[in-house]
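One structure is given here, and the rest of the page talks about it.
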Amino acid sequence: MIQGSVMSLKWVDVQEIAILLADGNPGLDPYSLNFVALRDMVMALPGFEDERDRGGEKVLEAIQTAWKEEQD
3 MIQGSVMSLK
13 WVDVQEIAIL
23 LADGNPGLDP
33 YSLNFVALRD
43 MVMALPGFED
53 ERDRGGEKVL
63 EAIQTAWKEE
73 QD
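For what it's worth, the working numbering labels the leading residue of the sequence shown as 3, then goes sequentially.
This is the structure we're talking about:
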């Protein structure tokens, strides 16, 4: 959902999150991150507005995969 120029992000926005992470961290292998670090990076994205506990292992794995695909 777009509010002004900042997109509102939630854990379900896997592709959008992956694009932002890939653009903001060129050369970083998403598979080198543990889930705690990845979750912290996602939660620090501008416009991210979801609850920490909703970012479980499955969604974090999906973000890693989508991020890697953005790099390829």
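By construction, the Cβ of each residue, glycine as well, lies at the ideal position given by its N, Cα and C atoms. Fair warning: this is a prediction, and the values are worked out from it, not measured in the lab.
Got a sec? Which residues, its chain only, sit under 6 Å from residue i by beta carbon, not counting five neighbours each side?
i    : result
K125 : The first residue shown for the chain is 3 and the last is 74, placing residue 125 beyond what the model contains.
Closest to residue i by CA distance: which of the options is it?
i   : options            : result
V14 : A39, F50, D74, E72 : F50
D42 : I19, M9, E72, S10  : I19
K12 : A46, P28, T67      : A46
L35 : E59, M9, D74       : E59
I65 : A24, E53, D52      : A24
Near residue i, which residues of its chain fall below 7 Å by C-beta distance, leaving aside the five closest residues on each side in sequence?
i   : result
L2  : A question about residue 2 goes unanswered here, because the residues of the chain that appear run from 3 up to 74.
L22 : L47
Q5  : Per-residue confidence for Q5 stands at a pLDDT of 46, beneath the threshold of 50, marking its modelled position as unreliable; no derived number is given.
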